[in-house]
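Engineer: Questions regarding the structure given below will be posed in turn.
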Amino acid sequence: MRDLPLNLGLIGALLAMAAAGLLLGETQLSAAQYAQAFADLGSGPGQVLWEIRAPRTAAAAVVGAALGLAGAVMQGLLRNPLADPGVLGVSGGAGLGAALAIALGAGATAGAVEGAALAAALATGVLLTALAARFREPETLILFGVALSAFAGALTSLVFNFSPSPVTLAEVFAWLLGSVANRDWGDIGRQLVPLGIGASLSVYAARGLVMLSLGEETAALSGLPMRRLRAAAVAGASLLTGAAVAMAGIVGFVGLAAPHLVRAGAGADPARVLLPSALAGAVLLVAADLAARLIPTDLELKLGVVTALFGAPLFALIAWRAARSWRG
Numbered sequence: 001m002r003d004l005p006l007n008l009g010l011i012g013a014l015l016a017m018a019a020a021g022l023l024l025g026e027t028q029l030s031a032a033q034y035a036q037a038f039a040d041l042g043s044g045p046g047q048v049l050w051e052i053r054a055p056r057t058a059a060a061a062v063v064g065a066a067l068g069l070a071g072a073v074m075q076g077l078l079r080n081p082l083a084d085p086g087v088l089g090v091s092g093g094a095g096l097g098a099a100l101a102i103a104l105g106a107g108a109t110a111g112a113v114e115g116a117a118l119a120a121a122l123a124t125g126v127l128l129t130a131l132a133a134r135f136r137e138p139e140t141l142i143l144f145g146v147a148l149s150a151f152a153g154a155l156t157s158l159v160f161n162f163s164p165s166p167v168t169l170a171e172v173f174a175w176l177l178g179s180v181a182n183r184d185w186g187d188i189g190r191q192l193v194p195l196g197i198g199a200s201l202s203v204y205a206a207r208g209l210v211m212l213s214l215g216e217e218t219a220a221l222s223g224l225p226m227r228r229l230r231a232a233a234v235a236g237a238s239l240l241t242g243a244a245v246a247m248a249g250i251v252g253f254v255g256l257a258a259p260h261l262v263r264a265g266a267g268a269d270p271a272r273v274l275l276p277s278a279l280a281g282a283v284l285l286v287a288a289d290l291a292a293r294l295i296p297t298d299l300e301l302k303l304g305v306v307t308a309l310f311g312a313p314l315f316a317l318i319a320w321r322a323a324r325s326w327r328g
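The numbering of the sequence shown is this note's numbering, which starts it at 1 and goes up by one.
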C-alpha cells in the first residue's frame, strides 16, 4: 500500500488537468454558457465542450497513459533508465505506416491512416517479440530496435522525397509532429481493443520484470517462463505504443519521463511502477496538450513539439545522472 498515496495524488492531478482541459480553450465561454453546456449537450457551448474539448482531453489522457505504461515496461525489461517506447523502433514503424497511408491517398478514408499506423506497429512488434523470445540480452534487443528505428526513419524520409504534392507532404509532416486536435470519440473507441490487450500483456509480464530487476541469473532460476514473459512485455509495449501513435501521431519523451517521475514514490519494484507511470503519463500529456492550446501563437503548437521542448532537457538530466552513477 506504499504507493496508494502516490496513485491517489496522480488521480487527483489527472482529474484537475482534465477539468482544465474541458473548461479552458481558445474559445472563451461565459459562466452562463458553461451552465448551458452542462444543461443542454446539443447547444453551441455544449458542442464545444463535449464534442471538441472532451474527446481531445480524453485522447490526450489515453495516449499519455499508454506511453507511460509502455515506457515503464521497456525500462523494466531492458533495465535501462533511458529506454522509452521509441527505443525498439515501434514508434518509427507506426509513423512509417501512417506516412505511407497518407502518401497513397488514404487520408480521406476515416480510420485508414490510424489503421495503417497500428498495423505497422504490430508488424514491428511481432518481429521484436520473436527476437525477445530468442535473445535474453537486453543489449541485443536495444541494438535491433535502434536498427529498426533507423530503417523506418530512412523509409519515412523516402516518403517525404517522393511525396506527390506539397499538401500530402504537409499532412505527413503534421502527423509525425503529433497532435490530438480534432480527435473524436470514435478515434478513441477504435483503439480501445489494442490498448486493452497491450495493458493486459504488460500486467502479465510484470512478474518477469520483477525477476529481471534481481539479475539475469536469478530470473533464469526463478522457474518462471521468462521467454514468454519477455515476449509479452515487448508485445504489450508495442501494442500500447502503436495504438498511441495511431491516435496522436509520434509524441516523444512521455514514456521516458513518466516512470522517472514516479519511481521515487513507487519504489524500485518494476511491477509497482506500472500503474503510477500510466497515470503520470496521462497527467503529462493532458498538461502538454493544454499548453499547446493556450500558448499564444499564430498556429497552434503540435503536441510532439511541446513534449520535446520539456522532455529533451529531462532526458539530458537523466543521462547526466546516469553517467555520474556509472563513474561513481
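Beta carbons: idealized from backbone N, C-alpha and C, even for Gly.
As the structure is a prediction and not an experimental result, all values here were calculated from the model.
I need the straight-line Cα distance from Leu195 to Ala65, nearest angstrom please.
Structural biologist: Going by the C-alpha atoms only, they are around 10 Å apart.
Engineer: Inspect the CB distances between the segment 137-148 and the segment 15-24 and report whether three or more fall short of 8 Å.
Structural biologist: No: the two stretches stay apart, fewer than three of their Cβ pairs being nearer than 8 Å.
Engineer: Could you compute how far the alpha carbon of Gly111 sits from the alpha carbon of Leu77?
Structural biologist: Cα to Cα, the separation comes out at about 32 Å.
Engineer: Which first and last residues belong to the alpha helix (DSSP H) in which Pro166 is found?
Structural biologist: It spans 166-177 - the alpha helix (DSSP H) in which Pro166 sits, taken as one unbroken run.
Engineer: On the CB-based measure, 16 or more other CB atoms within 10 Å of its CB, does Trp185 come out buried or exposed?
Structural biologist: So Trp185 ends up on the exposed side.
Engineer: Run through DSSP, which three-state label would Asp289 get?
Structural biologist: The answer is helix: DSSP assigns Asp289 an H, G or I state.
Engineer: Entirely within the segment 62-116 and at least 4 residues each: give me those alpha helix (DSSP H) ranges in chain order.
Structural biologist: The segment 62-116 contains these whole alpha helix (DSSP H) runs: 90-103.
Engineer: Rounded to whole angstroms, what is the Cα-Cα separation between Ala103 and Thr168?
Structural biologist: Those two C-alpha atoms are separated by around 6 Å.
Engineer: Excluding sequence positions up to five away, which residues of its chain have a Cβ less than 6 Å from the Cβ of Asp84?
Structural biologist: The answer, listed in chain order, is Gly71, Gly255, Leu256.
Engineer: Should Gln28 go down as buried or exposed, given a rule of 16 or more other Cβ atoms within 10 Å for buried?
Structural biologist: Gln28 is exposed by the Cβ-count criterion.
Engineer: Start and end of the alpha helix (DSSP H) containing Ala205?
Structural biologist: Here the alpha helix (DSSP H) through Ala205 covers 192-213.
Engineer: Of the choices Asn80, Ala119, Ser91, whose alpha-carbon is the least far from that of Glu137?
Structural biologist: That would be Asn80, whose Cα lies nearest to the Cα of Glu137.
Engineer: Which stretch, first to last residue, makes up the alpha helix (DSSP H) that contains Ala268?
Structural biologist: Note, Ala268: premise wrong, no alpha helix (DSSP H); not H, not E.
Engineer: One question on the structure: do Gly252 and Thr307 come within less than 7 Å of each other, judged by their Cβ atoms?
Structural biologist: Yes, Cβ-Cβ distance for Gly252 and Thr307 is below 7 Å.
Engineer: Compute the beta-carbon to beta-carbon distance between Thr124 and Val90, rounded to the nearest angstrom, for a pair I have assumed lies under 8 Å.
Structural biologist: Contact holds; Cβ gap of about 5 Å.
Engineer: Alpha carbon to alpha carbon, what distance is there between Ile197 and Leu14?
Structural biologist: Roughly 23 Å separates the two Cα atoms.
Engineer: Do the segment 287-307 and the segment 91-101 make contact, defined as three or more Cβ pairs closer than 8 Å?
Structural biologist: Cβ pair count under 8 Å is below three, so no.
Engineer: For Ile250, which residues from the same chain have a beta carbon less than 7 Å from its beta carbon, with the 5 sequence-adjacent residues on both sides left out?
Structural biologist: If we look at Ile250 and ignore the five residues flanking it on each side, its Cβ neighbours are Ser91, Gly95, Leu176, Gly178, Gly304.
Engineer: Check whether the segment 154-171 and the segment 31-46 touch, using three or more Cβ-Cβ pairs below 8 Å as the test.
Structural biologist: At 8 Å Cβ cutoff, the stretches do not touch.
Engineer: Below 8 Å on the Cβ atoms is my contact criterion, and I expect Val273 with Pro259 to pass it. Report the Cβ-Cβ distance as a whole number of Å.
Structural biologist: That pair is a contact at about 6 Å.
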